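Just below is one structure, and these are the notes that go with it.
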Amino acid sequence: MVENMAENQRSKYVGGAEGAPPLPPPGGYHGARRAGGGLDAAAGLPPASGSGDVTYAPGGPAGKKPVNTIGLIAISVTALFVLVLLLMMGAGGTDALYGATLLVLQLIVVGVIVAAMLTPRGRMLGSIALALTLVFNVATVGAMGALRSAATHAYDGTKSDEQKHEQGYPGVKGTANSDVLNGMTLEEVQAKGDALMAEARERVTERFGYTWVEGGKVDISPERNGYGGESMLKRYTSTTWTTSEPVQDNSRKRAIIRVINEVVLEYGMWDLYALNSPESGISPDVLANLYGSAEVERQHTWEYYTDKFPEPLRFYVDAYDLSKDSTGQFRQQREAIQQQFGEPLEGVQLMIFAREVLSDADRAAYEEKLKEYPGF
């Protein structure tokens, strides 16, 4: 019975129209009225003004501001100026980078950047332009150009045709070509230097029993010609020969120097000259800086030199003594040299050095090139 009652109740809302609520009578129920404000009033909302129609006005994104013109000018001018600097550096115009024109332009660019940074909307672009200027300006780009020129020996810049011609001069400014052609060749310097050092080593070994260690390697590099170019003449540095055993007794050092001096005289050169002595004319401050002390007996380095002018060969004899190193700085220097060239830390050392010498292999080309430079 209960199920039949539930089914009858459900049948009021499903099925045909017979289960629907009755329709209101014509004209509506007595006393019923429509809310004056429509759905808004029924919901308790205030009525809209006007006719009730909603009008939408188009607008841009909230908070977006147009870019400041002075900011665009600042970043554009800066980028253009940096581009000009880099192009001039690439073209080798290092000298022109320091000209008055570019310095004035640099100041103008800085002024535009400052003006942009004083405006709220141009501050961001002005800051970018300022950062770019701090990295690339007349000073920094000029320095990069100078380093590039030094590394590549490209000093053309704004040189005239005459200067570029001088740059190809095969000799060295201030050195007579007759002296070069009539003097010792590179090969002769090498041969004489090797023989001189070999004889000196043999004599010292015979008298004192020292053995020798070869260090470094032969270096032959071109000289500069004095006109901004590279000469055909060479600079020669031999390997070094150093005693394997330390020599820390000053009397023994002097005895070794006397033996080496005997060999030097036999080769027709002048007596060994002590560069570390106060008698050399070097000031005490410089002596202390170079050799550890102004007093010879306390110096960590003794340095002797001889030549046979006008021959280019120069012979150096050094005595390194770490027991006289009071600060430890000289030991650090010697350790670095030992690591790089394999020399003993201390001992007596021999070396040959020569400048502005011509190789036999370059002689013909040198004489031919000189024909382009009459009067040099």
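Heads up: take any position in the sequence shown, counting from 1, add 254, and you land on the numbering used here. Don't be surprised by glycine CBs; every beta carbon is placed ideally from N, CA and C. In this text the structure is predicted, and so the values were computed from the model without any measurement.
**OP:** Count the other CB atoms, across all protein chains shown, that sit within 10 Å of the CB of K510; report buried if there are 16 or more and exposed otherwise.
**Re:** Inspection of the sequence shows that residue 510 is occupied by Ile rather than by Lys. The residue is buried, with at least 16 neighbouring Cβ atoms inside 10 Å.
Original post:
When you compare each of L487, G447 and G376 to P424 by their alpha carbons, which one comes out closest?
Top reply: L487
Subject >> Contacts around H554, its chain only, beta-carbon distance under 6 Å, and the 5 residues preceding and following it disregarded >> reply: G546, D575, K578, D579 and F584
Original post:
Apart from the five residues on each side of it in sequence, which residues of its chain come closer than 6 Å, Cβ to Cβ, to F607?
Top reply: T491 and R568
Original post:
Secondary structure at L359, three-state DSSP: helix, strand or coil?
Top reply: helix
Original post:
According to DSSP, what are the bridge partners of I606?
Top reply: F569
Subject >> Anticipated Cβ contact below 8 Å, V331 with V364, distance rounded >> reply: With 8 Å as the limit, V331 and V364 do not qualify as a contact, their Cβ atoms being about 10 Å apart.
Original post:
Sorted by chain position, which residues of the same chain lie with C-beta nearer than 8 Å to T459's C-beta, five sequence neighbours on each side aside?
Top reply: T465 and W466
Original post:
Are three or more beta carbon pairs between the segment 598 to 605 and the segment 492 to 508 nearer than 8 Å?
Top reply: yes
**OP:** Along the beta strand (DSSP E) that carries Y490, what are the first and last residues, could you check?
**Re:** E484 to T491
**OP:** Select from Y570, V571, L599 and G428 the residue whose C-alpha is nearest the C-alpha of G582.
**Re:** L599
**OP:** With DSSP as the reference, please indicate the residues paired to D473 in a beta bridge.
**Re:** T491
Subject >> C-beta contact flag for G380 and G344 at 8 Å >> reply: no
Subject >> Exposure label - Y352; buried when at least 16 CB within 10 Å >> reply: exposed
Subject >> Beta-carbon gap between G463 and E597 smaller than 8 Å >> reply: no
Subject >> Presumed contact (8 Å Cβ cut-off) between A548 and P564, rounded CB distance >> reply: That pair is no contact at about 33 Å.
**OP:** Specify, as a first and last residue, the run of the beta strand (DSSP E) that D561 falls within.
**Re:** T555 to D561
Subject >> Where the alpha helix (DSSP H) containing A385 begins and where it ends >> reply: R377 to V389
Subject >> Enclosing alpha helix (DSSP H) for G447 [first to last residue] >> reply: L440 to F462
Original post:
Is G601 helix, strand or coil when you go by DSSP?
Top reply: strand
**OP:** For F390, count neighbouring Cβ atoms within 10 angstroms of its own Cβ and tell me buried if that reaches 16, exposed if not.
**Re:** buried
**OP:** Could you tell me which residues DSSP puts in a beta bridge with E468?
**Re:** W495
Original post:
With DSSP run on the structure shown, which of helix, strand or coil describes Y527?
Top reply: strand
**OP:** Look at the alpha carbon of D614 and the alpha carbon of L340, and state the distance between them as a whole number of angstroms.
**Re:** 43 Å
Original post:
Is DSSP giving Y521 helix, strand or coil here?
Top reply: coil
**OP:** Measure the C-alpha to C-alpha separation of T394 and E484 and round it to an integer number of angstroms.
**Re:** 27 Å
Subject >> Pair within 8 Å by beta-carbon distance, V336 and Q360 >> reply: no
Original post:
Are R489 and E477 touching if we call contact CB-CB under 8 Å?
Top reply: yes
Original post:
Would A249 pass as a contact of A328 if the rule is Cβ separation under 8 Å?
Top reply: The chain is shown only over 255 to 630; residue 249 falls outside these bounds and no answer can be derived.
Original post:
Relative to the C-alpha of L624, which residue among W524, L435, I474 and V501 is closest?
Top reply: L435
Original post:
Beta carbon of W556, beta carbon of A542: below 8 Å?
Top reply: no
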